[in-house]
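The structure appears below as structure tokens.
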Amino acid sequence: MSDDKSDLTSEMTDRNCNTLGVIGAGQLGRMMGLEGTPLNRSFCFLGDAESGQPAAVIGPVLDRSNQATLAIFQKKVDVITYESENVNADWLEKLAGDTPIYPGLRALRSSQHRWREKDMFKSLGIETAPYVKVTSLEELTAAAETLGLPLVVKTATDGYDGKGQARVHTLEDVPLAWQALSGSDAKAVELIAEGFVQFSRELSVIAVRSVDGDIQYYPMTENFHSEGILSVSRMVPGSLSEETRQTAMSYVQKLLEHLDYVGVIALELFDTEQGLLANEMAPRVHNTGHWTQLGAVTSQFENHVRAIAGLPLGDTQALQPYAAMINLIGRLPNPEKILQMAGTSLHLYGKSARPGRKLGHINLIAGTQDELESKISLIQQEL
Ligand code: ATP
Ligand code: MG
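In this note's numbering, the protein residues as written are 1 to 383.
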């Protein structure tokens, strides 16, 4: 009798995916861990020595370059997720074996290559900037003629925080952009040239899909960048037309269903006079969703954990009419000043300061727009 019971318990534990394996040990993994712990999930991270290990406070960080620790990771984890789309998908597939990877490899591979990503958007009827695939200087010159100027040229792989991009304003810029992005191995170059989008603002939509196919959407955010790095995200449901919201949700729904997706997804969008254009997707929790830690019933991190652990999704509604997130980049403010402000929370990742590095963020909620904006100004003065 008692044996039967313990069998049942262990079976339930197995099905409940008790240990979540995360590729990477940075702040995103740490925040998944902080919000998955109350659900009694354990975490095991695969990190590397160079990039620091904010997630080490949550669970063991194993060395991804060591075969012996990789074997421990494989044995220990019930499901695998990742913090960054810059993970070698073939390596991950082999590492995982029969262990589920969420979001799945198709989503990961699509997000890793701008050609595949844009072609997928197009095939699903998701509007984008006009684009041309480029593998030579001649093709880049031809793209400038086909698409017209200005152009944004990007490497097809490995771009982040605006790195791996060049702007082409005149035909003289074409060889400069080619030189800047083609690197030393000019034979294997894969670039994408995109028409320059005259957007009124940048938006993102974050959603989550469960193993059973349930989809929940967060209120959208408007995003501001400084030197190519996200600086402020504001939740903006009130300032969006119903049509814009519906379009954004339909784009995300198409992606989630096409990819049979599990977990949190972010889709970056340009708001233009012609409607919404999709820029890129991220198959993971996203910096423009950090506000949900304070501003939504269930944060993106908890919902990601719920989704990949096979649990029901949580409520994505906002708790207050206004919310925002300010990134702390390169240096930190006086924490006491921030902690004294009502309706704010401070997140520090425990990383050493370096120019351009994301060291933490501040979340804010407010009952009125004036209140939110005056808090944002106060904080920006501190920074
Ligand atoms: P991140 O990691 O910050 O998301 P990224 O390196 O992956 O950036 P993108 O998101 O494609 O690259 O581009 C970075 C920024 O460059 C965008 O947020 C937008 O401001 C601008 N940008 C990108 N593509 C275009 C375009 N076709 N037209 C106008 N601006 C663009
Ligand atoms: Mg982007």
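Note that CB positions come from ideal geometry on N, CA and C, so glycine has one too.
- Whole-angstrom distance between residue 206 and residue 188, CA atom to CA atom: 34 Å
- Query: What whole-angstrom Cβ distance do residue 208 and residue 263 have, given they're in contact under 8 Å?
  - Reply: 7 Å
- Mind pulling the beta strand (DSSP E) runs of 3 or more residues that sit fully within the region 218 to 281? 221 to 226, 229 to 235, 263 to 272
- Task: Excluding the 5 residues preceding and the 5 following residue 141 in the sequence, name in chain order all residues of the same chain whose CB lies nearer than 7 Å to its CB.
- Result: 174
- May I ask which residues mark the beginning and end of the beta strand (DSSP E) holding residue 165? 165 to 168
- Range covered by the alpha helix (DSSP H) that runs through residue 126: No alpha helix (DSSP H) contains residue 126, which DSSP labels as neither H nor E.
- Query: Is residue 279 near the ligand MG, with its Cβ less than 7 Å from a heavy atom?
  - Reply: yes
- Item | Entirely enclosed alpha helix (DSSP H) segments - the region 48 to 116, minimum 4 residues | 67 to 76, 89 to 96, 105 to 112
- Unbroken alpha helix (DSSP H) run spanning residue 303, endpoints: 300 to 308
- Limits of the beta strand (DSSP E) - the one that residue 377 falls within: It is not in any beta strand (DSSP E) - residue 377 instead sits in the alpha helix (DSSP H) that spans 369 to 382.
- Message: Using only CA atoms, which one of 107, 169, 343 lies nearest to residue 151?
- Response: 169
- Message: Quick check: residue 81 and residue 265, are their CB atoms within less than 8 Å of each other?
- Response: no
- Task: Go to residue 28, then tell me how far its alpha helix (DSSP H) extends in each direction, as first and last residue.
- Result: 27 to 36
- Item | Burial state of residue 329, where buried means 16 or more other Cβ atoms lie within 10 Å | buried
- Counting Cβ pairs closer than 8 Å, one from the region 306 to 323 and one from the region 275 to 283, do we hit at least three? no
- Looking at residue 94 and residue 44, is the spacing between their C-beta atoms short of 8 Å? no
- Could you tell me if residue 322 is buried or exposed, where buried requires 16 or more neighbouring beta carbons within 10 angstroms of its beta carbon? buried
- Task: Consider the C-beta atom of residue 268 and the heavy atoms of the ligand MG; say whether any pair is separated by less than 7 Å.
- Result: yes
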